[in-house]
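One structure is given below, encoded as structure tokens.
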Amino acid sequence: SLHISKVLLVLGDAYGEKEDAESLRNLNTESLHIVFPRRKEFRFTLDVSVSTAVSLELSNIKCVLDDNGCSYFQNVLSKLQKNSRLSTLTLNNMETTWNFFITILQLVWHTSIEYFSISNVKLQDYLTLRSFDYSNTSLKALSIHHVVSDVFTLPQSYIYRLFSNMNIHNFTVSGTHMIHMVCPSQISPFLYLDFSNNLLTDMVFKNCGNLAKLETLNLQMNQLKELASIVNMTKEMKSLQQLDISQNSLRYDENEGNCAWTKSLLSLNMSSNLLTDSVFRCLPPKVKVLDLHNNRIRSIPKPIMKLEALQELNVASNSLDHLPDCDTFSSLSKLIIDSNSISNPSADFFQSCQKIRSIRAGNNPFQCTCELREFVQSLGQVSSEVVEGWPDSYKCGYPENYKGTPLKDFHVSQLSCNTTLLLVTIGITVLVLTLTVTALCIYFDLPWYLRMVCQWTQTRRRARNTPLEELQRTLQFHAFISYSGHDSAWVKNELLPNLEKEDIRICLHERNFVPGKSIVENIINCIERSYKSIFVLSPNFVQSEWCHYELYFAHHNLFHEGFDNLILILLEPIPQYSIPSSYHKL
7 SLHISKVLLV LGDAYGEKED AESLRNLNTE SLHIVFPRRK EFRFTLDVSV
57 STAVSLELSN IKCVLDDNGC SYFQNVLSKL QKNSRLSTLT LNNMETTWNF
107 FITILQLVWH TSIEYFSISN VKLQDYLTLR SFDYSNTSLK ALSIHHVVSD
157 VFTLPQSYIY RLFSNMNIHN FTVSGTHMIH MVCPSQISPF LYLDFSNNLL
207 TDMVFKNCGN LAKLETLNLQ MNQLKELASI VNMTKEMKSL QQLDISQNSL
257 RYDENEGNCA WTKSLLSLNM SSNLLTDSVF RCLPPKVKVL DLHNNRIRSI
307 PKPIMKLEAL QELNVASNSL DHLPDCDTFS SLSKLIIDSN SISNPSADFF
357 QSCQKIRSIR AGNNPFQCTC ELREFVQSLG QVSSEVVEGW PDSYKCGYPE
407 NYKGTPLKDF HVSQLSCNTT LLLVTIGITV LVLTLTVTAL CIYFDLPWYL
457 RMVCQWTQTR RRARNTPLEE LQRTLQFHAF ISYSGHDSAW VKNELLPNLE
507 KEDIRICLHE RNFVPGKSIV ENIINCIERS YKSIFVLSPN FVQSEWCHYE
557 LYFAHHNLFH EGFDNLILIL LEPIPQYSIP SSYHKL
């Protein structure tokens, strides 16, 4: 009396000896799964016709030649015709003959079963050609998975025609090493076909016009090579909305010029192929969902046909180095572009793709430089629900010192990134520094000192190149007198007569300067040719620039020669405030 949703019976080796044929009559369950012992012929005595189960699954069925297992199992299937409640039948791990496999299909065809699945089947013996009755069926979906055959010679065309002419909506043949499938002989009711994980080639459904009602086609994991052939295949499929041709070896040569997809196609999966940039020149015009991940795409070329209906684009695991421009994909709302070669994504992406609701762009080798700063800021302004994988999947790829750093922790100053601001700042700094140095130079009379050093250096170089005897002959005077022109009366009337009467040879600028030489060179020569330099100090002296030159060179000569050759005569007191800065050593 209990209502049980699912019953699993794992039968032992001794089953079939004592069971009552009606033992399941009162078992109130929706799903019944019976597992038979392995390596034992099928001897099923339970009467499934009285079961209340809606779903029945039988595992480990062995029905081969020279045993009675096939007759037992055929009897079970015959009783299923009396059970109108049963709608789903699943057979797992089955070993039988090709002929009995076809018999199973025919028996189930005329029951109340709507969903029939067979998986892990091993077929033996040769197949005998016979007709198949497709009438009066409740079957909506048939799935056949993982079939192996010990027979090397089979009437393949018979099997293909038997499958292609089935009058059901959903049909799956997967993992069977099937190499071809023919076009139905008349307009087929197929809505869904799954021929994944087989050995189908570009010849499948070539020039087939009887699949006009087909809405979904799965050709994943086959031997497809030319995209142009697949495009041509879809032209007659006027209702096709979803196509999966992933995990093949597809290429596209745009020089072939054949790109007339069916206009009804809305979802296209071409992932894990050998497609390049040219594939963007051959896409269905109304496609909404496009999967191109794991191909050989380096860039999205321009110009390409506008895909105004495209809402989801997956180009992960390629070699793209830029985010796409949404001028071509005006309705794009979901973008998957992780694991590419994007180093400097544009910060304008979210402005051009205003309809984007989800983006996954992690695991790219982001170059953490100034160019990335604005993109990181734009990510921070977007909801975390929009940016999938943020922040864990977004890390710096280079430079080396930032490698592995999350983008959210990458910070760089605006000054180092804004070239204009940086140049203005440097320019202002240099200008201020220049003005400061210039002011200091003027204040400390640096230009004057530089000229003096230059003249002094030139004179000393000439002195080094002059022989010692000649240098000794150049000392012609006992003293050189430096004075202001305003003090010349005292020098000529008082100082000069008193010195010269003692036979002291005096050098004066007005009588000993050599015409043709510069004044500075004459001053240096006079100082060099005199044992002593006498300076007549007065307020007039410190106001004379030429007197300053003479004092400066004499001072340099003092340190160069290593003895005191200066004689200072204070003619008149000099107030401290009247001494110019250039006389700071005085």
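For the sequence shown, the numbering used here begins at 7 and goes up steadily by one. Beta carbons are placed, not taken as given, at the ideal position from N, Cα and C, and that holds for glycine.
Put K85 into one of helix, strand or coil per three-state DSSP. Stepping through the sequence shown from its first residue, residue 85 is reached at position 79. Note: K85 maps to helix in three-state DSSP.
Excluding the five sequence neighbours on either side, which residues of its own chain have a C-beta within less than 6 angstroms of the C-beta of I342, listed in chain order? Stepping through the sequence shown from its first residue, residue 342 is reached at position 336. Correct list, in chain order: N320, A322, R366.
Which residues does DSSP pair with T102 in a beta bridge? Within the sequence shown, the letter at position 96 stands for residue 102. According to DSSP, T102 bridges with L129.
So, are the CB atoms of C288 and V210 less than 8 angstroms apart? Taking the first residue of the sequence shown as position 1, residue 288 is located at position 282. Taking the first residue of the sequence shown as position 1, residue 210 is located at position 204. Not in contact: C288 and V210 (Cβ atoms no closer than 8 angstroms).
Reducing DSSP to helix, strand and coil, say where R379 ends up. Here residue 379 is taken as the residue at index 373 of the sequence shown, counted from 1. Correct three-state label for R379: helix.
Got a sec, what are the start and stop residues for the alpha helix (DSSP H) S536 sits in? The sequence position of residue 536 within the sequence shown is 530, counting from 1. Where S536 is concerned, there is no enclosing alpha helix (DSSP H), although the beta strand (DSSP E) it sits in stretches over 536-543.
Return the bridge partner residues of A485 from the DSSP annotation. One-based indexing of the sequence shown puts residue 485 at position 479. Answer is I512, K538.
Got a sec? Which residues, its chain only, sit under 7 angstroms from E380 by beta carbon, not counting five neighbours each side? Within the sequence shown, numbered from 1, the residue matching residue 380 stands at position 374. Correct list, in chain order: A353.
Out of E551, F559, F547, point me to the one whose CA is closest to P579's CA. Your numbering for residue 579 matches position 573 in the sequence shown. Comparing Cα-Cα distances from P579 to each of E551, F559, F547, the minimum goes to F547.
List the endpoints of the continuous beta strand (DSSP E) containing S595. Because the chain spans 7 through 592 in this model, residue 595 falls outside it and cannot be assessed.
Please classify P581 as buried or exposed, where buried requires at least 16 other C-beta atoms within 10 Å of its C-beta. Working through the sequence shown from its first residue, we reach residue 581 at position 575. Label assigned to P581: exposed.
Per the DSSP calculation, H151 is bridged to which residue(s)? Walking along the sequence shown from the start, residue 151 turns up at place 145. Note: H151 sits in a beta bridge opposite S125, S180.
So, helix, strand or coil for G386, using DSSP? Within the sequence shown, residue 386 is the residue found at index 380, counting from 1. Reduced to three states, the DSSP call for G386 is helix.
Does DSSP put C460 in a helix, in a strand, or in coil? Indexing the sequence shown from 1 puts residue 460 at position 454. Reduced to three states, the DSSP call for C460 is helix.
Just to check my reading of the structure: F247 and L230 have Cβ atoms closer than 8 angstroms, yes? What is that Cβ distance to the nearest angstrom? Within the sequence shown, the letter at position 241 stands for residue 247. Within the sequence shown, the letter at position 224 stands for residue 230. Per the sequence shown, the amino acid found at residue 247 is Gln instead of Phe. Actually they do not touch by this definition, with Cβ atoms about 19 angstroms apart.
Compute the Euclidean distance between the alpha carbons of C214 and P405, then round it to the nearest angstrom. Reading the sequence shown from its first residue, position 208 is the one you call residue 214. Reading the sequence shown from its first residue, position 399 is the one you call residue 405. Their backbone Cα atoms lie some 56 angstroms apart in a straight line.
Between the Cα of I529 and those of Y537, N261, V542, L514, spot the shortest distance and give me the residue it belongs to. By one-based count along the sequence shown, residue 529 stands at place 523. Nearest option by C-alpha distance: L514.
Using three-state DSSP, classify Q593 as helix, strand or coil. This structure does not reach residue 593, given that the chain is present from 7 up to 592, and the question cannot be answered.
So D131 and N105 are supposed to be a Cβ contact under 8 angstroms. How far apart are they, rounded? Residue numbering aside, residue 131 sits at position 125 when the sequence shown is read from its first letter. Residue numbering aside, residue 105 sits at position 99 when the sequence shown is read from its first letter. Indeed, because the Cβ distance is near 7 angstroms, the residues count as touching under 8 angstroms.
For R517 and Q464, I'd like the C-alpha separation in whole angstroms. Sequence index remark: in the sequence shown, residue 517 carries index 511 (1-based). Sequence index remark: in the sequence shown, residue 464 carries index 458 (1-based). Each residue's alpha carbon lies about 24 angstroms from the other.
Is it the case that the Cβ atoms of A147 and H116 are separated by a distance below 8 angstroms? As a working note, residue 147 is residue 141 in the sequence shown. As a working note, residue 116 is residue 110 in the sequence shown. No, Cβ-Cβ distance for A147 and H116 is not below 8 angstroms.
Nearest CA to the CA of L92: which residue from N99, Y537, D509, A59? Position 86 of the sequence shown, counted from the start, is the residue given in the question as residue 92. The candidate whose alpha carbon is nearest that of L92 is A59.
Can you find the residues in the same chain that come closer than 7 angstroms, C-beta to C-beta, to N350, ignoring five residues on each side of it along the sequence? By one-based count along the sequence shown, residue 350 stands at place 344. Q373, E377, L378.
Just to confirm the assignment, what range does the beta strand (DSSP E) spanning C402 have? On the sequence shown, position 396 is the one that residue 402 refers to. Where C402 is concerned, the enclosing beta strand (DSSP E) stretches over 402-404.
Enumerate in chain order the residues of its own chain whose CB-to-CB distance from L168 is below 6 angstroms, with the five nearest sequence positions on each side excluded. For the purposes of this step, residue 168 is taken as the residue at position 162 of the sequence shown. Contacts found: F138.
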